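Read the structure below first, then the notes.
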Ligand SMILES: [Zn+2]
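Numbering (the numbering used here), first residue to last: 29 to 466.
As structure tokens, then:
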């Protein structure tokens with residue numbers, strides 16, 4: 029049985045709705061688009077025809093409906109046209125709306141949903157509200173480590189691949205940093221001292237267990253490791269209720285090494301912190317520096333120890349400003365340089381790096397997004413936010429995945445536009461900022 033190969037131009041359609049037909053594409057147009065969509069080598073003529081057609085759809089803000097499932101209905105699979113800045117071979121593409129409906133198996137416009145990778149960018153992240161404890165005393169769904177004193181604790185480095193969700197330890201870190209405003213850049217660089225005092229103010233606001241202030245149990249230097257352990261060893265489980273007595277250290281790290289029995293983290297002063305247990309490093313190919321959050325706990329019947337550390341890449345060693353990759357560091361470098369230029373021209377803006385997911389409504393469905401950077405010039409305006417997305421790789425699956433999320437990001441309230449930034453497009457980024465921030 030052959031699959032009907034027909035494409036129609038439709039108006040943008042919310043999920044659950046039937047697309048409204050604008051026009052039917054001709055057989056030859058469908059042939060060109062199908063061949064181009066497959067991603068292999070195509071003739072110059074086919075490429076030209078496909079790109080021109082997709083660009084005209086972008087200009088008219090139209091989508092494409094695939095006819096493989098029959099007449100237009102709420103079940104019709106949709107494709108979304110999008111331009112790819114600076115791509116000479118594929119300057120405009122059709123992106124499948126994976127969340128819509130599946131194509132008939134074997135349809136030329138069917139594409140498998142790309143896998144999420146294990147980089148920090150692609151893990152969904154939730155924030156923690158209320159109690160900041162990582163290890164509940166009773167086990168349960170939140171337990172991140174075995175509580176039985178005799179159970180062997182796995183030692184090793186994990187790239188957090190298995191967990192597409194944020195490790196709870198990382199969520200504690202993100203929540204504190206966002207609360208302290210250390211994911212926001214307004215002017216020149218913050219000194220480490222200023223960043224630390226902001227963190228201390230924020231840490232005072234949280235509790236690990238009833239009556240147990242995070243401030244007493246979270247320190248900003250590995251120097252405090254021994255005193256945390258000593259204090260933990262004196263704790264009674266009864267005083268902590270449902271939480272295992274636990275303490276944290278947040279500190280910048282410039283290097284780490286692991287062997288079979290221990291991990292060594294090196295701080296900016298060149299001093300080392302050793303521990304055994306689990307080291308979680310998302311996107312392990314990203315070079316340092318990193319921000320570390322270390323967890324120590326006092327389990328029943330054994331001495332307290334640090335046995336879990338999460339590392340997240342930082343922009344530089346000083347300010348606690350996180351990035352998800354080295355490419356984001358590059359984007360941020362451009363943004364910072366541009367910010368100081370714009371400030372001299374009395375057009376300052378704020379650079380925000382959301383650390384936890386934001387929710388937007390896509391039709392009737394709630395979707396989670398986390399833009400790489402949001403620039404805001406004037407929050408009093410109805411629309412002032414410019415989203416800047418670092419485009420990492422050239423492969424089609426990656427671009428496709430990014431373009432999917434870009435459509436959702438534009439649904440963020442107050443958002444003016446989204447600027448993709450990739451290798452070689454620094455000037456485009458600066459021009460876009462100039463155009464919007466004025
Ligand atoms: Zn189809």
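Where is the CB? At the ideal position from N, CA and C, for every residue including glycine.
The model shown is predicted, which means the values in this text are computed figures rather than measured ones.
If you look at residue 99, you'll find it isn't in any beta strand (DSSP E); DSSP assigns it neither H nor E. Contact fails between the stretch 304–313 and the stretch 355–370, because fewer than three Cβ pairs, one in each stretch, are under 8 Å apart.
In the DSSP annotation of this structure, residue 74 is not part of any beta strand (DSSP E); the continuous alpha helix (DSSP H) holding it starts and ends at 72–88. As computed with DSSP, residue 445 is found in a beta bridge with 414. Distance from the CA atom of residue 433 to the CA atom of residue 387, rounded to whole angstroms, is 12 Å. Rounded to whole angstroms, residue 269 and residue 231 show a C-alpha spacing of 21 Å.
When distances are taken from the beta-carbon of residue 94 to the heavy atoms of ligand 1, the shortest one is below 7 Å.
Contiguous alpha helix (DSSP H) elements confined to the stretch 329–402 occur at 354–372, taking only those with 4 or more residues. With 16 or more other Cβ atoms inside 10 Å of its own Cβ, residue 280 counts as buried.
By the beta-carbon neighbour count (other beta carbons within 10 angstroms, threshold 16), residue 382 is buried. In this structure, the C-beta of residue 132 approaches ligand 1 to less than 7 Å from one of its heavy atoms.
Counting every other CB atom within 10 Å of its CB across the protein chains shown gives residue 160 a total of 16 or more, marking it as buried. By the Cβ test, the stretch 217–233 is not in contact with the stretch 385–403, since fewer than three Cβ pairs between them sit closer than 8 Å. When Cβ pairs closer than 8 Å are counted between the two stretches, the stretch 244–254 is seen not to touch the stretch 118–134, the count staying below three.
Rounded to the nearest whole angstrom, the CA to CA distance from residue 31 to residue 438 is 34 Å. The beta carbon of residue 294 is closer than 6 Å to those of 282, 283 and 300 in its chain, skipping five residues each way along the sequence. For residue 105, the shortest separation between its Cβ and any heavy atom of ligand 1 lies below 7 Å. For the pair residue 198 and residue 340, the CB atoms are nearer than the 8 Å cut-off.
As summarised for the stretch 293–325, there are no continuous alpha helix (DSSP H) elements at least 4 residues long confined to that stretch.
Judged by DSSP secondary structure, residue 279 falls within the beta strand (DSSP E) whose first and last residues are 274–286. Here residue 220 has 346 as same chain residues with Cβ atoms under 6 Å from its own Cβ, once five neighbours each way along the sequence are excluded.
The nearest non-hydrogen atom of ligand 1 is less than 7 Å from the C-beta of residue 137. Around the beta carbon of residue 353, a 10 Å sphere encloses 16 or more other beta carbons of the protein chains shown; the residue is thus reported as buried. Per DSSP, residue 250 lies in no alpha helix (DSSP H) segment and is marked neither H nor E. When 398, 435, 454 and 464 are compared, the shortest CA-CA separation from residue 155 is found for 398.
A Cβ-Cβ separation of about 17 Å leaves residue 82 out of contact with residue 47 under the 8 Å criterion. Within the same chain, and ignoring the five residues on either side of residue 431 in sequence, the residues whose Cβ sits closer than 6 Å to its Cβ are 110 and 123.
Its chain contains 44, 45 and 46 as the residues whose beta carbon lies nearer than 7 Å to that of residue 102, once the 5 sequence neighbours on both sides are disregarded; these appear in chain order. DSSP lists no bridge partner for residue 263. Excluding five sequence positions before and after residue 356, the CB atoms of its chain that fall closer than 7 Å to its own CB belong to 400 and 418, given in chain order. 377 is the residue among 34, 148, 349 and 377 whose C-alpha sits nearest the C-alpha of residue 464. Rounded to the nearest angstrom, the gap between the Cα atoms of residue 292 and residue 285 is 5 Å. As the crow flies, the alpha-carbon of residue 117 is around 10 Å from that of residue 67. Rounded to whole angstroms, residue 322 and residue 336 show a C-alpha spacing of 6 Å. In the structure shown, residue 35 adopts extended strand secondary structure according to DSSP, grouped into three states.
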